[in-house]
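Peer 1: Here the protein sequences come in this chain order: A and B. The first sequence begins at 714 in our numbering and counts up by one. The second sequence begins at 193 in our numbering and counts up by one.
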Amino acid sequence: MSTIRVALPAHLRALAGVGAEISLEVPDPPTADRLLDILEADHPMLRGTIREHGTRRRRAYIRYLAGGRDISFEPTDVPLPAGVIAGEDVFRVVGAISGG
Amino acid sequence: MAQVRVLVGTRKGAFIITSDGSRRAWKIDGPHFPGWEVMHVKGSPVNPDRLYASAWTEWHGQVVQRSNDGGKSWETVGNEFAYQGEAGTHQWYDGTPHPWDFKRVWHFEPSWEDPDTVFAGVEDAAIFKSTDGGVTWSELPGLRTHSTGQTWAPGAGGMCLHTILIDPTNPSRMFVAISAAGVFRSDDGGATWEVATHGLESDFLPDPKAAVGHCVHRIAMHPSRPETLFMQKHWHVCRSDDAGRHWTKVSGNLPSDFGFPIAVHAHEPETIYVVPIQSDHHHFPADAKLRVYRSRTGGDEWEALTAGLPQEHCYVNVLREAMAVDSLDSCGIYFGTTGGQVYASADDGDTWMTIAEHLPPVVAVEVQTLE
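(1) Let me check one thing: in DSSP terms, what residues is Glu513/B bridge-paired to?
(2) With respect to the alpha helix (DSSP H) encompassing Leu752/A, which residues constitute its N-terminal and C-terminal limits?
(3) Would you mind telling me which residues of chain C sit closer than 9 Å to Asn271/B, beta carbon to beta carbon, in chain order?
(4) Given a limit of 8 Å on CB to CB distance, which residues of the region 244-255 of chain B reach chain A?
(5) With which residues is Trp427/B paired in a DSSP beta bridge?
(6) Taking the beta carbon of Ala536/B as the centre, do at least 16 other beta carbons fall within 10 Å, making it buried, or is it exposed?
(7) Quick one: grab the DSSP three-state call for Met758/A.
(8) Report yes or no: is there a C-beta of chain A within less than 8 Å of the C-beta of Ala274/B?
(9) Please list, in chain order, all residues of the same chain as Ser443/B whose beta carbon is under 7 Å from its beta carbon, the five residues on each side excluded.
(10) How would you call Ala809/A, buried or exposed, if buried means at least 16 neighbouring beta carbons within 10 angstroms?
(11) Starting from the Cα of Glu419/B, find the closest Cα among Ala402/B, Ile319/B, Ala388/B and give me that residue.
(12) What does the Cβ neighbour count give for Phe396/B, buried or exposed, with the cut at 16 atoms within 10 Å?
(13) Which residues in the same chain have their Cβ closer than 6 Å to the Cβ of Asn362/B, if we skip the five residues on either side of it in sequence?
(14) Let me know the secondary structure DSSP gives His724/A once reduced to three states.
(15) Quick one: Cα of Phe367/B to Cα of Trp439/B, how far?
(16) Which complete alpha helix (DSSP H) runs does the region 236-277 of chain B hold, if anything under 4 residues is left out?
(17) Under 8 Å between C-beta atoms, does Arg747/A make it to chain B?
(18) Can you give the Cα-Cα distance for Ala723/A and Tyr465/B, rounded to whole angstroms?
(19) If we cut at 8 Å on Cβ distances, does Gly531/B have a partner in chain A?
(20) List the endpoints of the continuous beta strand (DSSP E) containing Ala318/B.
(21) When you compare the CB positions of Pro794/A and Thr744/A, do they come within less than 8 Å of one another, or not?
(22) Check for me: the beta strand (DSSP E) holding Gly146/B runs from which residue to which?
(23) If you drop the 5 nearest sequence neighbours on each side, which residues of the same chain put their C-beta closer than 6 Å to that of Val198/B?
(24) Look up Asp212/B in the DSSP assignment and say whether it is helix, strand or coil.
(25) For Leu725/A, return the contacting residues in chain B, with the cut-off set at a CB-CB distance below 8 Å.
(26) Under 8 Å Cβ to Cβ from Val557/B, same chain only, skipping five residues before and after it: list those, please.
(27) For a quick check, are the C-beta atoms of Glu315/B and Arg296/B less than 8 Å apart?
(28) Please specify which runs of the beta strand (DSSP E), each continuous and at least 3 residues long, are wholly inside the region 466-527 of chain B, giving them in chain order.
(29) Sort Leu357/B, Lys234/B, Pro307/B, Asp306/B by Cα distance to Ile319/B and report the nearest one.
(30) Can you check whether the C-beta of Trp228/B is within less than 8 Å of a C-beta belonging to chain A?
(31) Can you tell me which of Arg216/B, Ala372/B, Pro240/B puts its alpha carbon nearest to the alpha carbon of Thr561/B?
(32) Would Tyr774/A count as contacting chain B if we go by Cβ distances under 8 Å?
(33) Identify, in the order they occur along the chain, each residue of the same chain with its Cβ nearer than 7 Å to the Cβ of Asp492/B, setting aside the five sequence neighbours on each side.
(34) Nearest by alpha-carbon distance to Arg377/B: which of Arg336/B, Gly350/B, Gly325/B, Ser394/B is it?
(35) For Ser246/B, count neighbouring C-beta atoms within 10 Å of its own C-beta (all shown protein chains included) and say buried if the count is 16 or more, exposed if not.
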């Protein structure tokens, strides 16, 4: 197991009733798929809000950031960046910026 | 003493506005689900403390919230709306085939008989049913797979199923309205559907009298007369006295017969209300005056109701879900605007008061009368 630090966008923090950062125990090797499976199992209200139901694809206006990189377009079934696994970096789920 | 609970969905959350039966002093509670667009909030007629709310954002998709205490607290329930079988295609704006794709819930219609049974009208247009209080949802696919389904096309707001009416005397009979497909009726609880648009005319269609393609903005029914339906269409106010088999135009002397909501008085089945909008190009009130028009003759003859409403420089809109009535005597009428105002009348529409004025744009208004 690895302890992965996760940060959610404000809407989802409120929906799940969690703080700015949460820690999840993810089976080794920790991947984005496994991490999100654990997140959704612990917080079922998040199902469908980060990944689509059925396809489990990342929703269009969501990005995954880690260690200063956008890893949204990298495979989700490979180990997370080393800094995230080591607990040095946070896996951040980010919503697209909009305004006006 | 009776109480009134006004359920307001806005672009940035839900608000619950309450008063006692006098309807003079109002208390605003909210926002619930701040930051989420709340498309609709509606209570069960069997258990008024059971509420269903549709909250949505482009980022995070659909969330369904349920309350068992009249909106004091909420719990998240199921949000998986999966089309049954092969989803297929409908027409896109440019006329090309476009895959059916779930986006959001526009309307919840709780059953007349069971607080755990509720129907959902969604975009892209389809109807879903839950019998476990919203935990799980199953499509009633006979509507989407109707022989005309591939020809349905979205209106500017998306291809939404925005109205569900259930005949209280015969719950197997249902009506739905879809922009921009039209009206469909089921006599078997939603298993099969038939087009219910005969008599409608829409000039924007190649064939103005086509069976499908009409941009129906809202339909309404009085519970005591389920054979009679009233419609606010993209243009034209219409009525049907044979359960949607045939429609006639009753726009009469309205200053404009473009608009979005239509509502029926709680105790007078031939008294109806609309809010005339200047045109489909100018989504603001006709003549920049916010006027509710009332007909006590089921259409054709209309009178302007203006007392307490802004009569100059008014450029808000009133959206299709944003008007409702209470069942007190005399009947209360309520509507919300895209300017964030909610107006209420406690005297059949004769006079109006502002019960909220700085909310986010109002999307939906429902009213519960609590004894």
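Ideal Cβ positions, reconstructed from N, Cα and C, are used throughout, including at glycine.
Peer 2: Once the coordinates are examined:
(1) Ala556/B
(2) 745-755
(3) This model lacks chain C altogether; the protein chains it does include are A and B.
(4) Thr249, Glu250, Trp251, His252, Gly253, Gln254, Val255
(5) Phe450/B
(6) buried
(7) helix
(8) yes
(9) His428, Val429, Asp449
(10) exposed
(11) Ala388/B
(12) exposed
(13) none
(14) helix
(15) 14 Å
(16) none
(17) no
(18) 40 Å
(19) no
(20) 318-322
(21) no
(22) The shown model of chain B, from 193 to 563, leaves out residue 146/B, and the question about it has no answer.
(23) Ile209, Tyr526, Val559
(24) strand
(25) His252
(26) Val198, Leu199, Val200, Gly201, Glu513, Ala514, Met515, Ala516, Tyr526, Phe527, Gly528, Val534
(27) yes
(28) 484-487, 495-497, 515-517
(29) Leu357/B
(30) yes
(31) Pro240/B
(32) yes
(33) Val442, Gly444
(34) Arg336/B
(35) buried
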